[in-house]
Amino acid sequence: MKVACLSFTDKGRDIGRKLEKYGDKKDFLEICHYENSEVEGGIKSIFEKIVKEYEGIVFISATGIAVRMISPYIIDKTVDPAVVVVDDLGRYSISLLSGHIGGGNRLCEIVGEILGAKPIITTASDGRNIEAVDIFAMRKGYVMENMEEVKKITSMMVNDKRIGYFSEMEGHIKYDNLVFIYGLENIKEYEDKLDGVLCISSIKQIDINIPHVILRPKNLNIGVGCKKGTSGKEIINAILDVLDKNNFSSNSIKSINTIEIKSDELGILEAASYFKCPRNIYTIEEIKMVEEKFEKSDFVKRNVGVYCVSEPCAYLSGGEIVVGKTKYNGITVAVSKEMI
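Structure follows, in structure tokens:
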């Protein structure tokens, strides 16, 4: 985390130098100290650049200075930098902005540890020892599609409401008043007993009629085979169509997988970039070990040396095949799903 430390007084300068010298290797903090008296025109003259370049900002000042300086640049909790305020006597480390997603609460704690200052965290969920939905999602690597729904369910948890919990993955959020739901098909039976539902699933459309949030786990592996020169657009559209027809969310794509002979295929590289996921390559020998499980094609065998590509590659990447080989004008797509 790249952090700008801003000081405005002599005592603040000493604290800033201490923070810059220490940093934090464990949490990968890189701290750069700016002294107001050493900046031509003062820190305010370069503050817009600081907001753009740094993920976190530590003000060694009164909270009023921090509020007035940062307020024109506040956009949204998903993009705002983490902001922490330390008084120039080094007594308190206060998480001021973007405590959860931006990492402000953690930065507040680290700064407190370095300085021996008391960390002040005012987010409601932390005060009650509840794991907020956004913190849980980040810890598990789940995609948050709707921040308003995330905030709504977290607010319910703060107020000790009964929250139904369904997940395709192991582990659960840290909250005492959970009602565990086993199977998406059973959610309806619970709705009149619940205030809200937290659902972790790669299923795209889920019928829930009470307040809820759906988090997307990265548990879908896509196997792809294609003719040489197939465009990225064609492959992307084929994958999206397969997922849509089988009611899966593209936000749950974990990897794109193919055979070694296609390792330099530009269209597959573009698809992996589009879905922001890694691309895994499997050898002919690896595919031969599992190809007996799947439908064979003599044409594919003659051209690439194995009987099938998309299904074995999806299978080798992990999980069980949930969508078998689907053909699209020279493209084959298969999907496996991990349930751990």
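Each residue of the sequence shown is one higher than the one before, starting from 815 at the first, in the numbering used here. Glycine included, C-beta positions come from ideal geometry on N, C-alpha and C. Predicted, not measured: the structure shown is a model, and the values here were computed from it.
Rounded to whole angstroms, what's the CA-CA distance from residue i to residue j? Just pull it up for me.
i	j	result
V898	F842	17 Å
I857	V900	16 Å
C846	S821	11 Å
V893	S1111	49 Å
G1037	P933	48 Å
Y1121	I1098	10 Å
I889	A938	21 Å
M1153	G955	15 Å
N973	G855	47 Å
T823	L1012	47 Å
C1091	D902	44 Å
S1016	D1055	15 Å
G916	K891	7 Å
Count the other CB atoms, across all protein chains shown, that sit within 10 Å of the CB of residue i; report buried if there are 16 or more and exposed otherwise.
i	result
N757	Because the chain is modelled from 815 through 1154, residue 757 falls outside the range shown and cannot be assessed.
D1022	The question names Asp, but residue 1022 in the sequence shown is Ile. It counts as buried.
G985	exposed
N1035	buried
L1080	exposed
I871	buried
N1071	buried
I1067	buried
E1048	buried
N1000	exposed
I949	buried
F1108	buried
A1155	Residue 1155 is absent from the model: the chain starts at 815 and stops at 1154.
R1093	buried
S859	exposed
S851	exposed
Rounded to the nearest angstrom, how far is the Cβ of residue i from that of residue j, given a contact under 8 Å?
i	j	result
L1008	I977	7 Å
V1136	A1052	The pair is not a contact, with the Cβ atoms about 16 Å apart (cut-off 8 Å).
M983	N1033	7 Å
E849	R882	E849 to R882, Cβ: 19 Å. No contact.
R1030	V957	4 Å
K1018	S1063	5 Å
E1134	I1028	That belief does not hold up - the Cβ atoms of E1134 and I1028 are roughly 22 Å apart, past 8 Å.
G1046	Y979	With a Cβ gap of about 38 Å, G1046 and Y979 do not count as contacting.
Taking Cβ positions, are residue i and residue j nearer each other than 7 Å?
i	j	result
G1039	S1124	yes
S885	A896	no
I864	G830	no
K1041	G1144	yes
I935	S909	yes
I1095	S1077	yes
Check whether the segment 935-947 touches the segment 979-992, taking contact to mean three or more Cβ pairs, one atom from each stretch, closer than 8 Å.
-> Contact holds: three or more Cβ-Cβ distances are below 8 Å.
Three or more C-beta pairs below 8 Å linking the segment 962-970 and the segment 915-928 = no
Touch test, the segment 1099-1107 against the segment 1076-1091, Cβ-Cβ under 8 Å, three pairs minimum = no
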